[in-house]
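Positions 10 to 121 (my numbering) are the ones given, in order, by the sequence shown. For every residue, glycine included, the Cβ atom is placed at its ideal position computed from N, Cα and C.
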Amino acid sequence: MCWYPTTCSRHTILTPTPGWICPPMLSPRSNFGIPVMDDCLFVAGGYNGFTTTPNVEYYNVKTGAWSDSCDMEISRSALSCCVVYGLNNMAECAAPRYSLELPSEDEDKMEE
10 MCWYPTTCSR HTILTPTPGW ICPPMLSPRS NFGIPVMDDC LFVAGGYNGF
60 TTTPNVEYYN VKTGAWSDSC DMEISRSALS CCVVYGLNNM AECAAPRYSL
110 ELPSEDEDKM EE
């Protein structure tokens, strides 16, 4: 029987703390990619014990909570991730799944 963890640890080099810091992930998995962006640890893809998953969730260091994010279009496992700053749609890609919609440019102009 295989075991697929729901745990993730965050280590602070300047003030080491023993043990696990983060609460359990929303979806257990292994072999995921884990980029860091804007005080959030994103967990992308991986293997959930049955299949490769497109699921993405993130841990917000400030709130101490996990949230769902937009899934990848293709399931991936054993992947590497990086953050590319400066893309116009970066905020849309990282927005939580059930968040409020971002205002459109037309709505911004109407308010002025």
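- Assigned with DSSP and collapsed to three states, N69 falls in strand.
- The C-beta distance from C31 to Y56 rounds to 20 Å, too long to meet the 8 Å contact threshold.
- If you draw a straight line from the Cα of A53 to the Cα of F41, it is about 6 Å long.
- Our two residues, L88 and M81, have alpha carbons roughly 12 Å apart in a direct line.
- Put simply, the backbone Cα of R38 is about 25 Å away from that of V93.
- Assigned with DSSP and collapsed to three states, L50 falls in strand.
- Annotated as distal: S86 and N64, with beta-carbon spacing of 8 Å or more.
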